[in-house]
Every structure is written in structure tokens, then in C-alpha cells.
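Written out below as C-alpha cells is the structure these notes cover.
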Amino acid sequence: MLRLGMMAPFADGLITSGGFLRDFAGTLEECGVESVWTVEHVVIAENYEPLYPYSASGRTPSGGEHVPMPDPLETIAFLAGASRTLRFGTAMVVAPLHSPVVLAKRAATIDRHSDGRLMLGLGIGWQKEEYAAVGASYADRGRRLEETVGAMRALWAEAPASYEGRHVSFSRLNSLPRPASGAVPVVLGGNSDPAVRRAGRIGDGWFPYTITPEDFATQAELLRGAATEA
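Numbering-wise (this note's numbering), the sequence shown opens with residue 720 and increments by one.
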């Protein structure tokens, strides 16, 4: 069955208006839309490196560095309170910019308050300047993303929870409440071969963002292969 998801409208006066967002959520529910997706960038540099990977120009669409981009999870929490059936996803939270322990608590809280309507999309981003601004390492962002997923799942699965990784380690921690269904679905983003393989190995879903039908078919095979081998 085809399900329709929509990106939140990132335009000043819309994404920054509580009144608009309440009406937006209500209208989408009336129209049978399944989900709304929000985007994260803590900051966007004026002259960013590397170039934006999803456009031929290497620049974000519609002057992205000057587009309002509220926190994605805070926006979802607001939308969840204005709706009953809509599901919500992040596309994507730049996971290595966050503490996995704090992110696990935020996601579990929203999922519990929304009766299990959250899908947590995670990626590694692309801006070196964004990593530098929050004091995070850009070089090992892929490994940090994988450990973030493992650490969060450990915290959601049991109490007390323990996890041992290269970048994230903890022992016998309690993080309550747990998500409504025991875990938040983790959707991993990215079109590159490593990103697709990662989604197949450890993800509950894959978010390719912009992709041609031909590339989708190729990467879907890679995804299935990685999932089978996991």
C-alpha cells in the first residue's frame, strides 16, 4: 500500500509559526497523509565545505544557508501535540553532533508522548564547519553514527544498560521512559555505497533523499545484500 510522507515546509513564516504548524498537521491528517519529516542543521556556514552532495551546483537549494531550520525533534514534539494519527520522522538528525545518551532520551520521550509515532532518521551530514562549530570530529563520523545507534538501542532495550564502543561507553545506566514499543525505528540516510551498506546492516529503514530510479534500483540491491549478510 502506498503511503505518503511530506517534508515540513522550510520557509520563514511557515516553519517558524506555531499557528501554521497546528493547521498544517490537521490538514495533513484530514487528507490521509501518513508522515511528516523534519531536517536538521545546527548551523550552515556561508562558505561550506565540502559542497552540498545533492545538487549539481554544490549549493543547498533555495538559499539553504538563510532558510529557518528549527530543531527537528522539538518541531516534531510540537506537531505530535497537534495531531492524533500522523507519524513523524527526522530526515536527518546529524547523529555524530549529539550525545547518544541525550539523543536516546529525547527520542524515547517524544515517542512515548506521541504513542509510538516517531521514526528517528539519522545521517552523518556533510558540512565540516558544522562539526567544528559543535566540537565534533568529522573524520570518524561514520563510526560515531554506528555507535550512536548501538548505544541508543542498548538504552532502550534494558535497564540498567551497558555499551562498549570506541567513542561511546557506559555501564549500568537507567534511561526511562523507554519508547512506546520498546524501541524507536532507526532510519539511516545517504546515497553513497557505505551509507547504503550501513543502512542494510544496522538500520530499520533507508532514506535515500534525492535519487534517480536507476540509482535507486542499484542501491536497493546493495541494501538487500548488506541486510542479508548482517
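Cβ coordinates follow ideal geometry from the N, Cα and C atoms, glycine included. As the structure is a computational prediction, the values presented were derived from the model and not from experiment.
Helix, strand or coil at Trp845 [DSSP, three-state]: Of the three classes helix, strand and coil, the one that applies to Trp845 here is coil, per DSSP.
Per DSSP, the bridge partner or partners of Tyr882: For Tyr882, the pairing in a beta bridge is given by DSSP as Phe889.
Per-residue burial, Val903 [other beta carbons within 10 Å of its own, 16 or more giving buried]: It counts as buried.
For Met811 and Leu841, believed in contact at Cβ under 8 Å, the rounded distance: The Cβ separation is near 6 Å, so the contact holds.
C-alpha distance - Arg741 paired with Pro787, whole-angstrom precision: Approximately 18 Å between the Cα atoms of the pair.
Among Tyr857, Pro898 and Thr794, the one whose alpha carbon lies nearest that of Ser736: Ranking the options by Cα distance to Ser736, first place goes to Thr794.
Proximity of Val813 and Glu768 at Cβ, strictly below 8 Å: Against a cut-off of 8 Å, the Cβ pair of Glu768 and Val813 comes out as no contact.
Any C-beta of chain D under 8 Å from that of Lys847: Here there is only one protein chain, and chain D is not present.
Proximity below 8 Å, CB of Gly854 to CB of Glu866: Taking C-beta atoms as the reference points, Gly854 and Glu866 fail to come closer than 8 Å.
Residue burial classification, Thr809 (beta-carbon count within 10 angstroms, cutoff 16): Under a 10 Å Cβ-count criterion, Thr809 is classified as buried, with 16 or more other Cβ atoms of the shown protein chains found around its own Cβ.
One or two residues paired with Thr757 in a DSSP bridge: Per DSSP, Thr809.
First through last residue of the beta strand (DSSP E) which encompasses Met726: For Met726, the enclosing beta strand (DSSP E) starts and ends at Gly724 to Met726.
Any 3 or more C-beta pairs closer than 8 Å across the stretch 815-829 and the stretch 885-901: Under the 8 Å Cβ criterion, the stretch 815-829 counts as touching the stretch 885-901, having at least three qualifying pairs.
Outcome for Val821 when other beta-carbon atoms lying within 10 angstroms are tallied against a minimum of 16: Label assigned to Val821: exposed.
Ala851 to Tyr857 span [Cα, whole Å]: For the pair Ala851 and Tyr857, the Cα-to-Cα distance works out to about 8 Å.
Local conformation of Phe926 per DSSP, three classes: The answer is strand: DSSP assigns Phe926 an E or B state.
Sub-8 Å separation of Pro932 and Asn910 beta-carbons: With contacts defined by Cβ atoms closer than 8 Å, Pro932 and Asn910 do not form a contacting pair.
Which of helix, strand or coil DSSP assigns to Leu941: Helix.
Limits of the alpha helix (DSSP H) - the one that Leu895 falls within: Element bounds for Leu895: n/a, residue is neither H nor E.
Reduced DSSP category for Gly840 - H, G, I as helix; E, B as strand; rest coil: In the structure shown, Gly840 sits in a strand (DSSP, three-state: E or B).
Distance between Cys750 and Gly800 (C-alpha atoms, nearest Å): Taking the straight line from one Cα to the other gives about 18 Å.
Simplified DSSP assignment, three categories, for Arg752: Before going further, note that residue 752 is Val rather than Arg in the sequence given. Three-state DSSP puts Val752 in coil, outside helix and strand.
Span of the beta strand (DSSP E) around Val905: Per DSSP, the unbroken beta strand (DSSP E) holding Val905 starts and ends at Val905 to Gly908.
Residues near Ala945 by beta carbon distance below 6 Å, same chain, minus five either side: Counting only Cβ-Cβ distances below 6 Å, and skipping sequence neighbours, we find Arg916, Gly919 and Arg920.
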